[in-house]
Structures are given as structure tokens and as C-alpha cells.
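For the working numbering, add 205 to where a residue sits in the sequence shown, where the first one is 1.
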Amino acid sequence: MKTWKNIKTTRKRIKKSGKYHFKMPIENIKPGKYRVNAYLTPRGKDWQDKIGDQVGQNLTVVDADKYVKTINFNNMDKIKSAKWPKQINDNNEHILNIKYSLTEVRDLHIRLLNRKNWQAEGTLKFKVTEPGEISLPINNMLNDFPAGKYAWVMYLTAVDETERLSDKLGKNFILGDIPAE
Numbered sequence: 206m207k208t209w210k211n212i213k214t215t216r217k218r219i220k221k222s223g224k225y226h227f228k229m230p231i232e233n234i235k236p237g238k239y240r241v242n243a244y245l246t247p248r249g250k251d252w253q254d255k256i257g258d259q260v261g262q263n264l265t266v267v268d269a270d271k272y273v274k275t276i277n278f279n280n281m282d283k284i285k286s287a288k289w290p291k292q293i294n295d296n297n298e299h300i301l302n303i304k305y306s307l308t309e310v311r312d313l314h315i316r317l318l319n320r321k322n323w324q325a326e327g328t329l330k331f332k333v334t335e336p337g338e339i340s341l342p343i344n345n346m347l348n349d350f351p352a353g354k355y356a357w358v359m360y361l362t363a364v365d366e367t368e369r370l371s372d373k374l375g376k377n378f379i380l381g382d383i384p385a386e
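Put into C-alpha cells, the structure is as follows:
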């Protein structure tokens, strides 16, 4: 993937729809990151004449008996961002997406607060093992909570601890058909 150099190509004539198995003998391949691409072309044509979209899959070649994924931790524990609708007027599924950076394995705490009295309506805790993001599908909000003003509040702690290691990040929203702020 560093040079985007073609290492090996294999072709198979496809006569009908279905699943096909391809053997791609690659000898003496060096450890590193690679990408396998698959696409359809008319007979006798190549990539420039492909039909539809190309499908790709990344893979890592290692020179060890067992692959151990290396994790690139950050230099700071931080909730980087959160996405959530500003107003919810239905019971459909909505996705709470949270991005975070970590210095090591942490607990991600997520609290749903009622802004009327700042009491917690619900709490979630997830052990996060590498920097990245989490997407939580949440539905039936109108059935489970009364209409009003709410906030998701997120922060990081050491595993099984309560003291915050990161600043809190809040995401305000309105539940139900009440006037916006």
C-alpha cells in the first residue's frame, strides 16, 4: 500500500453469478500492508474498462507465527467529538457517535442527563482498548423518556475507576416536540 505497485494479478472467466474462489500464489512476499482488489471487466479488457465499482480488502502480511496487532496510543486521553441530532421527534434509531484518543486502555462513561434538574436518566460504560470511535444505535427515546431538554455527557477514566482523566464533552438535544432553544 506504500507504493501502490501491482504485486500479482489473476483472472477467472465468470459465466454466471455466484461465489468464486481465486488462488493467488505469491511467493516471498515481504511483511507489510497490502490491498486485494476485485472487479469485473468485459472479456479481454482490463481495469480501465471495469464494470461497476471495484471491491477492495486490506490485509497485513506478518513474519510471525501469530499476528499481534500493534496499537498506536495517543499522548492524551480526550473525547474528541460526538455526533447526535439536535432534536428527536420519533422513536426511530439514531446513532450516538463518539470519537476519542487514548494513552492506554480506558473506560468510556456516557451519561444521559435531564437538563431540567441535571439528574442522570441513564448511564453506560464501555471498556475502550484503542483510540478510535464508538457508534451506539439508540431507539425508542420518546417511549423511554419524557419530552424535554437533555444532554449526553461523555468522559474517560482508568479501567474500573471513577476519577475523570479527560474533560467532559456534552451534546445537548431536545426530545419531543417542544420549542428549540
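We treat Cβ as the ideally placed atom computed from N, Cα and C, and that holds for glycine. Being a predicted model, the structure only gives us computed values, none of them experimental.
#### Entry: Length of the line joining the Cα atoms of Ile303 and Leu264
In a straight line, the C-alpha of Ile303 is about 26 Å away from that of Leu264.
### Task
Could you name the residues that DSSP lists as bridge partners for Ala325?
Leu318
### Query
Exposed or buried, what is Trp357 when buried is set at 16 or more other beta-carbons lying within 10 Å of its beta-carbon?
It counts as buried.
### Task
At 3 residues or longer, and completely inside the segment 235-270: list those beta strand (DSSP E) runs for me, N to C.
Secondary structure within the segment 235-270: the beta strand (DSSP E) runs of 3 or more consecutive residues, fully enclosed, are 237-245, 256-266 (chain order).
### Message
Going by DSSP, what residue range makes up the alpha helix (DSSP H) through Leu347?
### Response
346-349
### Task
Take the Cβ of Arg248 as the centre, count every other Cβ of all protein chains shown within 10 Å, and call the residue buried at 16 or more, exposed below.
exposed
### Query
Are the segment 346-363 and the segment 315-322 touching, with three or more C-beta to C-beta distances below 8 Å?
Output reads yes: the segment 315-322 touches the segment 346-363.
### Task
Could you tell me which residues DSSP pairs with Leu361 in its beta bridges?
Leu313
### Query
Roughly how many angstroms lie between the CA atoms of Lys228 and Gln262, to the nearest whole one?
15 Å
#### Entry: Endpoints, beta strand (DSSP E) assigned at Tyr305
From DSSP, the beta strand (DSSP E) with Tyr305 extends over 299-306.
### Message
When you compare the segment 268-278 with the segment 327-345, are there three or more beta-carbon pairs, one atom per stretch, that lie closer than 8 Å?
### Response
yes
### Query
Which residues in the same chain as Asn242 place their Cβ atom closer than 6 Å to its Cβ, once the five residues preceding and following it in sequence are excluded?
Once the five neighbours on either side are set aside, the close Cβ partners of Asn242 are Gln259, Gly261.
### Task
In angstroms with no decimal places, state the Cα-to-Cα distance between Pro230 and Tyr239.
15 Å
### Message
Using a Cβ-Cβ cutoff of less than 6 Å, which residues in the same chain neighbour Trp252 once the five nearest sequence positions on both sides are dropped?
### Response
none
### Buried/exposed call for Tyr225, threshold 16 Cβ in 10 Å
exposed
### Task
Report the rounded CA-to-CA distance for Trp289 versus Leu245, giving the unit in angstroms.
Take the alpha-carbon of Trp289 and the one of Leu245: they are about 39 Å apart.
### Query
Is the number of C-beta pairs between the segment 344-352 and the segment 367-382 that are closer than 8 Å three or more?
Three or more pairs of CB atoms, one per stretch, sit closer than 8 Å, so the segment 344-352 contacts the segment 367-382.
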